[in-house]
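Encoded as structure tokens, the structure appears first; notes follow it.
In structure tokens, the structure reads:
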């Protein structure tokens, strides 16, 4: 992209804010050279990496990566063999390597969605670098000083303290035994050496060297010969510490120089990864979205100029594929320039990182170059007037644009005679229409508005103007040319009435009528938008009502299923008890003679079966009256006909017709009296095989609550629930996972999406739990 367009559109300020999000100076430097991508494959790759970082930034369970120390000076020192690294520079290197290790673990989380950034820093930090960090931390403290606890320093420090102790004891003894000649009862330090203050008139009584004297000359500071040796011993011991420190720093410097190539490689990887991270951090902080770059249409939905902050008015620009040029007109200070600048800046941001501050669904084509002519090009030094400056830039654009270029020109044809300027503006627009991919022009010339009406590939767009407040609303209206509203603006600025009336007379009735027509079109557009919004709201409410009806129907089916399961379980228990009772009766009858008492027992057994049958039939008939059961009214039933009994879930054969439209059906050894609504034809196309099975899974729940569980625990419980639901014939159930950070909701959604037996899943209605509850269907 050419430098002028980048400056005109304000991308340098945006880049500075992106660089502020970087973790390292290497990332800042890499951002400056990152460049714009015009090829879809390359931009998709960069966009995927930025999106992966955005997803990481959205996770509250991960700590943010730490900032990197600036090691520019340290690396420059390593490049110069005459210099050596000091303690602070070595500590900076160690901190940089540790931050790199943390950043590596941050990128390599192991999730499939993070695959684009896995390996940006490699699989692991080089062992040589980790060994260097260990060596630096074992010798230096956080301030870059050699640790006092280091074994070599600790032993030398003991020697220094021992020498200082001997010196102090000698000084104290000397002062005590020579109190007549000394001036003070304590020694003093001069140039790091311990001296004794002696009276000047008695200095000859002390054999030694004079270091200095007091300002008055009454006191001299002397080192007795014995004290000279002791001071020298202290100095020598301290020098040994300095020598040892220099050796340790030299050792670390050598290790760092041996890792110079690994450090340079790490810096390069960190710079590349950090540049993408900075783009993601900026996008995350500004609620930017991933642009659809596969589409070749320009559709910006509520795009917000990032440099305007809270003052930014969302701008929506929707262009069809056939549109090659847009003429934007409207009142002064109505937002025309901001609109075209926003489109241009969104284009640069998209081709820089693939994210823009707009709403989902926004798409932008890819351009090989963006050309702009915005602002006053007047130059005294180059002897250019305003018009000449514009023409110079327009000429550069027309000579260099291609069929993949975006051209943005503000106030085309202004600054000269209106008639000639309008003619030149139209000719320029026609040339851009033929040569460029997309051209955005702002103008007050009516010739351009008419030209836009006549060309199918050119559309008019206007900036909305509030007739009541006489102020612009900064909203873009497609398809309608805008009026300049110069008289309205002048009236709002309190120009004299006489001036306004004269201007209206000079303007002419025809121009006034055209202005009124445009105003009427704008009013109709607002009315149409309001009507469309009402229809959209009504459509939304109808959708909600349909969902409520579907949920009610679903609940009825669930109730029917539960009722049948309860009846089936009760009948099974009853049949098991009666089978044991029958076996007991048969055993008694075989064991001896048939007595009256045994006969009564058999009759009681038969009567209990009949009573249970009548009781179950009555329950089924009363409880299923409210359920929308399917019936086979179109089927003609007759005796000896094979049927499928819905309540018993088994095949049977009709014995005879009973009263009230019911049929006596034999199911195995049992006979039931069932209504026609409980009967259907069995599927004879496939050979039926009765399979008896048992499942160790617990009975399913109609509502599975996984709140408070980890994602792994929740998916395990969900797996058991689905198995049990399939075994017991459930067609649906619900999961309560709550809102939280969305981890359970997203994880469960991905699991259900890939499950073979799940046909559909959806969130509950707002009054039933909303996005904190999910319904599952088989």
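Numbering (this note's numbering), first residue to last: 248 to 1025. Glycine included, each C-beta is placed from N, C-alpha and C at the ideal position.
Given this structure, state the Cα-to-Cα distance separating residue 1025 from residue 787, to the nearest angstrom. 27 Å
For residue 387, which three-state DSSP category applies? strand
Can you tell me where the beta strand (DSSP E) with residue 889 in it begins and where it stops? 889-892
Starting from the C-beta of residue 284, find all residues in its chain whose C-beta is less than 7 Å away, skip the five residues before and the five after it, and write them out in chain order. 290, 293 and 598
Look at the alpha carbon of residue 959 and the alpha carbon of residue 995, and state the distance between them as a whole number of angstroms. 10 Å
In the DSSP assignment, the beta strand (DSSP E) including residue 952 goes from what residue to what residue? 950-952
Excluding sequence positions up to five away, which residues of its chain have a Cβ less than 6 Å from the Cβ of residue 902? 911 and 913
Taking the CB atoms as reference points, tell me whether residue 674 and residue 692 lie closer together than 7 Å. no
Residue 594 and residue 611 closer than 7 Å at C-beta: yes
With a cut-off of 8 Å on the beta carbons, I'd call residue 312 and residue 376 a contact; round off their distance for me. Contact flag wrong, Cβ pair sits at about 17 Å.
If contact is defined by three or more beta carbon pairs under 8 Å, each pair taking one atom from either stretch, is the stretch 654-670 in contact with the stretch 533-550? no
Would you check if the stretch 349-364 and the stretch 386-398 touch, i.e. whether three or more CB-CB distances between them fall below 8 Å? no
Status (buried if at least 16 other CB within 10 Å, exposed otherwise) for residue 908: exposed
Cβ neighbour criterion (16 or more within 10 Å) applied to residue 587: buried
Within the stretch 512-565, note down every full beta strand (DSSP E) run reaching 3 residues or more, in order along the chain. 546-550 and 562-565
At least three beta-carbon pairs within less than 8 Å, the stretch 486-496 to the stretch 396-405: yes
Coarse secondary structure for residue 706, derived from DSSP in three states: strand
Whose C-alpha, out of 603, 562 and 507, is nearest the C-alpha of residue 535? 603
Can you have a look at residue 640 and say buried or exposed, based on whether 16 or more other CB atoms are within 10 angstroms of its CB? buried
Answer with buried or exposed for residue 267, where buried requires no fewer than 16 other C-beta atoms within 10 angstroms of its C-beta. exposed
If you follow the alpha helix (DSSP H) that residue 302 is in, where does it begin and where does it stop? 287-304
Should the stretch 570-578 be called in touch with the stretch 694-710, which here means at least 3 C-beta pairs below 8 Å? yes
Taking DSSP as the reference, what is the three-state secondary structure of residue 1022? strand
Buried or exposed, going by whether 16 or more other CB atoms sit within 10 Å of the CB of residue 486? exposed
The alpha helix (DSSP H) with residue 651 in it runs from where to where? Unbroken run through residue 651: none, as it is neither H nor E.
Please classify residue 435: does DSSP put it in a helix, a strand, or coil? strand
Rounded to whole angstroms, what's the CA-CA distance from residue 258 to residue 334? Just pull it up for me. 40 Å
Assuming residue 488 is part of the alpha helix (DSSP H), what are its boundary residues? 472-505
Helix, strand or coil for residue 416 per DSSP? helix
If residue 676 sits next to residue 686, beta carbons under 8 Å apart, how far is it from one beta carbon to the other, in whole angstroms? 7 Å
With three or more C-beta pairs closer than 8 Å as the rule, is the stretch 463-473 touching the stretch 437-455? yes
Counting Cβ pairs, one atom from each stretch, are 3 or more of them under 8 Å apart for the stretch 359-378 and the stretch 291-310? yes
For residue 975 and residue 929, which I take to be in contact (beta-carbon distance under 8 Å), what is that distance rounded to the nearest angstrom? Residue 975 to residue 929, Cβ: 22 Å. No contact.
Euclidean distance between Cα positions of residue 432 and residue 477: 19 Å
Find out if the Cβ-Cβ distance for the pair residue 298, residue 528 is shorter than 7 Å. no
Anticipated Cβ contact below 8 Å, residue 549 with residue 507, distance rounded: No, residue 549 and residue 507 are not in contact; Cβ-Cβ is about 50 Å, not under 8 Å.
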